[in-house]
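Trainee: The structure's right below; bear with me while I get my questions together.
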Amino acid sequence: MRTRPARAASLAAMAVVLACGGSACSVIPTGGKAIAVGDVRKGNPLGDPYARVIAMPPNPDWSPEEVVTGFRAAMASPDDPDHAVARRYLTGAFAAKWNPHSGVTVYRQGDYEKPPPVTAEDKQARVTLKGVVTATIDEDGRYRPSGGALDKPFSLVREPGGWRIDDGPDGLLLSEADVDRGYLPVDLYFLDSRWQGLVVDQVRVPIDPGANFAKSTVERLLRGPSSALKDAVNTAFDPGTELIDVTTENNRVVVDLTRRVDTDRIDSMAAQLAATLTALTQGGWGFEVKVNGEPYYSSDSALQIDAQEQSRFDPWMNPSDVAPFYMAGGALHLLGKENVGRPVPGRAGQKGNGFKSLAISAQPIKQVALLAPDRKSISVAPLAEGGEWRVWATGTDLAPPSWDRYDTLWTVDRPDDRTSIVTRHDSGDERRYRVFAPDLESAYIESLKVARDGVHVAVVVRDGLGEQVHIGTVIGQGADTRIDNLQTVVPAEGSQKIEDIAWKDGKTLYVLTGKSELLEASVTAAPKSLASDSRIESITALDGTLLAGAKDDNENRQVLFWNTAKWDPLVKDETGSTDFADNGPDGPSAPVFPLG
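Here the sequence shown stands for residues -24 to -1, 1 to 572, numbered as in mature numbering (1 follows the signal peptide of the UniProt record, and there is no 0).
Okay, here's the thing in structure tokens:
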């Protein structure tokens, strides 16, 4: 006869991935022996195999603790997306108000507070789940790292059919393993405010056993962006557009919709679909769009989309042939062939410029913006023959400049230690606009950098808690611009200093701390340490390329690049040498990529 502790252990054992001849397995985890069932997705390029969790109803003989354990197991079942079995663990009153779609609390080390013994006469009981909260997933699917103690009480009553939960937390309580099994991390892509580029929206999509991963993802794409990007991005799909199915045909992924998009949005739609689906289909697959099962165009021709359509629509999705710039001897240089640099044309390439904190725009005729040593002005010069410096911004105490993809220059004026005024300077009309940033205006913004998508923005803030890094979104244009939806990605830790930040892409930020520690941060994961090197002064990045400006103990300078697990010297002199010790204080420094 199985004892209660053994039965509780059986209930707590969630699904595991088993080997079933190369396919995924389903595991019935609650009550009795686990049964493996082969998954039918073998060979389907639209979705990897997954571990199924089949929810089991409560047993009349279970204790209150076992009922809560069974409820937790039922909540974690992707095979019961409506949570019908989970509701059978609840009283009628609580089942009517419990909303499993209100969000997810993710935890680890879940265990029960030792409850008092329950006798046969008891009609009520209380079970409290303890642990550590590690993240939340909201109704939009946004996964956000979190913290704090897990303390979730469940009140139970004895009914004729056994113990039932009469009160408890709303939403779902899932372990980290539950989330890994039941949710697919997906990058959805939308259009920026000017319909010129793609913007990533990182979400978690619940696995639906009745649909392949691609279908679930496109359905989520059609629902629109998460709340963090809702007012900042566009979508090519008209409201009410629904997905009929996603299938494969002739080595293409076929997306069947209920309606067409406007003619001028076909390219935008193609880019959205290609960017969103390429990762799921593991690359190489082309795409085709149909409407109600028929060819997209009335001429009976198919709308076919190349697997790299997103890169043609938005070159910053997969940038190539983008060389970095750096300073040397007070002159701006462009890194050329064989990693030998040359001065840029115009005034910026002449020696003796007393500037620092440079930023490079991305227009056909690039411009460089440099902060004056006294931080009271920012000057701009075209990188072209005859290009002269012109003051673009003035203030009391300016932050380093940042360009966005629209040739707009951003900076922050700090009239005192508790006030920050974010401004943008548009090159088109040469007007200065104040950016509404209510969550930042009463702190000291050390630096601000707009991502290459023109929507995400990172800020280093110093306030009463110390220095920390936030990521937010840019909403609106011109005088109606605001920064909203800020989330802390690197929290303040005592006297921690943040020396520099650099966008890798639209979702990942590199952070250099005052301890010369390099961190990788995003809104979907806790910061991760990559390396420490006391020589590092500044950083810049472009997708997989990470560069740093470095200085040794003898004031020798060099530009370094991150080579998987170590820093290597990059810039060569005319002899082909990268010897750090030969460079001196006027050696290569302050590397920066366009829009970096």
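From the three backbone atoms N, C-alpha and C, an ideal C-beta is built for every residue, glycine too.
Since this is a predicted model, take the numbers as computed values, not measurements.
Hey, Ala524 and Leu536: beta-carbon distance below 7 Å or not?
Mentor: In this structure, Leu536 lies closer than 7 Å to Ala524 by Cβ.
Trainee: Would you check if there are 3 or more beta carbon pairs closer than 8 Å linking the segment 176 to 192 to the segment 252 to 266?
Mentor: Taking 8 Å as the limit for Cβ pairs, the verdict is that the segment 252 to 266 does touch the segment 176 to 192.
Trainee: When the Cα atoms are used, what is the spatial distance from Val209 to Asp290?
Mentor: Approximately 15 Å, taken between the alpha carbons.
Trainee: Cα separation between Lys425 and Pro34?
Mentor: So the two alpha carbons sit approximately 53 Å from each other.
Trainee: Which partner residues does Pro545 have in the DSSP bridge list?
Mentor: Answer is Leu536.
Trainee: Could you pull the start and end residues of the alpha helix (DSSP H) that Leu197 belongs to?
Mentor: Where Leu197 is concerned, the enclosing alpha helix (DSSP H) stretches over Phe189 to Leu198.
Trainee: Tell me whether the segment 47 to 65 and the segment 139 to 151 touch, counting them as touching only if at least three CB pairs, one residue from each stretch, are closer than 8 Å.
Mentor: Judged by Cβ distances under 8 Å, the segment 47 to 65 makes contact with the segment 139 to 151, as three or more pairs qualify.
Trainee: Taking all protein chains shown into account, do 16 or more other C-beta atoms lie within 10 angstroms of the C-beta of Asp232, making it buried, or fewer, making it exposed?
Mentor: Buried is the call here.
Trainee: In terms of residues, what are the limits of the beta strand (DSSP E) holding Pro121?
Mentor: Note, Pro121: beta strand (DSSP E), Tyr119 to Pro121.
Trainee: Is the segment 412 to 420 in contact with the segment 464 to 473, if contact means three or more CB pairs nearer than 8 Å?
Mentor: No, the segment 412 to 420 does not touch the segment 464 to 473.
Trainee: Comparing C-alpha positions only, which one of Asn226, Pro358, Ala348 and Gly362 sits nearest to residue 580?
Mentor: One cannot answer for residue 580 here, as it falls past the ends of the chain, which runs -24 to 572.
Trainee: Return the CA-CA distance between Gly317 and Arg366, expressed in angstroms with no decimal places.
Mentor: So the two alpha carbons sit approximately 25 Å from each other.
Trainee: Put Gln453 into one of helix, strand or coil per three-state DSSP.
Mentor: Coil.
Trainee: Cα separation between Met32 and Asp163?
Mentor: Cα to Cα, Met32 sits roughly 33 Å from Asp163.
Trainee: Is Val181 helix, strand or coil when you go by DSSP?
Mentor: Strand.
Trainee: Rounded to a whole number of angstroms, what is the C-alpha to C-alpha distance between Pro564 and Ala304?
Mentor: Rounded to the nearest angstrom, the two C-alpha atoms are 5 Å apart.
Trainee: Going straight from the alpha carbon of Glu475 to that of Pro271, what length do you get?
Mentor: The alpha-carbon atoms of Glu475 and Pro271 are separated by roughly 54 Å.
Trainee: Using DSSP with H/G/I as helix, E/B as strand and the rest coil, what is Thr387?
Mentor: In the structure shown, Thr387 sits in a strand (DSSP, three-state: E or B).
Trainee: Within a Cβ cutoff of 7 Å, which residues of the same chain sit near Ser337, ignoring the five residues on either side of it in sequence?
Mentor: Excluding residues within five positions, the ones whose Cβ falls inside 7 Å are Gln343, Trp379, Asp383 and Pro570.
Trainee: Which residues in the same chain as Ala360 place their Cβ atom closer than 6 Å to its Cβ, once the five residues preceding and following it in sequence are excluded?
Mentor: These residues qualify, in order along the chain: Pro321, Gly322 and Ile341.
Trainee: Going by other Cβ atoms of all chains shown within 10 Å of its Cβ, with 16 needed for buried, is Asn539 buried or exposed?
Mentor: Looking at its Cβ environment, which holds fewer than 16 other Cβ atoms inside 10 Å, Asn539 is exposed.
Trainee: Taking Cβ to Cβ, would you say residue 573 is nearer than 7 Å to Gly572?
Mentor: Given a span of -24 to 572 for the chain in the structure shown, any question on residue 573 remains unanswerable.
Trainee: Answer with yes or no whether the minimum CB distance from Ala517 to chain B is below 7 Å.
Mentor: Absence of chain B from the displayed structure is noted, only one protein chain being present.
Trainee: Could you spell out where the beta strand (DSSP E) holding Arg48 opens and where it closes?
Mentor: Run containing Arg48: none in the beta strand (DSSP E); it sits in the alpha helix (DSSP H), Pro40 to Met51.
Trainee: Measure the alpha-carbon distance for Gly440 versus Arg235 and round it to whole angstroms.
Mentor: Looking at the two C-alpha atoms, the distance is approximately 53 Å.
Trainee: By DSSP, does Asn315 sit in helix, in strand, or in coil?
Mentor: Reduced to three states, the DSSP call for Asn315 is helix.
Trainee: Are Ile81 and Leu149 touching if we call contact CB-CB under 7 Å?
Mentor: First, the amino acid is wrong: residue 81 is Thr here, not Ile. Yes.
Trainee: How big is the Cα-Cα spacing for Ile113 and Arg180?
Mentor: If I take the Cα positions, the gap works out to 8 Å.
Trainee: Can you check the segment 95 to 155 for any beta strand (DSSP E) of at least 3 residues that lies completely inside it and give the ranges in chain order?
Mentor: Counting only runs of 3 or more, we get 100 to 113, 119 to 121, 125 to 135, 138 to 143 and 148 to 151.
Trainee: Would you mind sorting Ala(-1) into buried or exposed? The rule is 16 or more other CB atoms within 10 Å of its CB.
Mentor: Here the model assigns Ala(-1) a pLDDT of 36, short of 50, so the residue's position is not dependable, and the following value carries that caveat. Buried is the call here.
Trainee: Since Asp221 is in the beta strand (DSSP E), which residue starts that stretch and which ends it?
Mentor: Here the beta strand (DSSP E) through Asp221 covers Leu219 to Glu225.
Trainee: Residues in the same chain with beta-carbon distance under 7 Å from Gln339, minus the five sequence neighbours each way, listed in chain order, please.
Mentor: So the list reads Asp383, once near-sequence residues are dropped.
Trainee: Do Pro54 and Pro185 count as a contact pair if the criterion is CB distance below 7 Å?
Mentor: Result yes, Cβ atoms of Pro185 and Pro54 sit closer than 7 Å.
Trainee: Excluding five sequence neighbours on each side, which residues of the same chain lie with their C-beta closer than 7 Å to the C-beta of Val133?
Mentor: Closer than 7 Å at Cβ, skipping near neighbours: Thr67, Lys99, Gln100, Arg140 and Asp142.
Trainee: Compute the Euclidean distance between the alpha carbons of Ala125 and Arg458, then round it to the nearest angstrom.
Mentor: Rounded to whole angstroms, Ala125 to Arg458 spans 34 Å at the Cα level.
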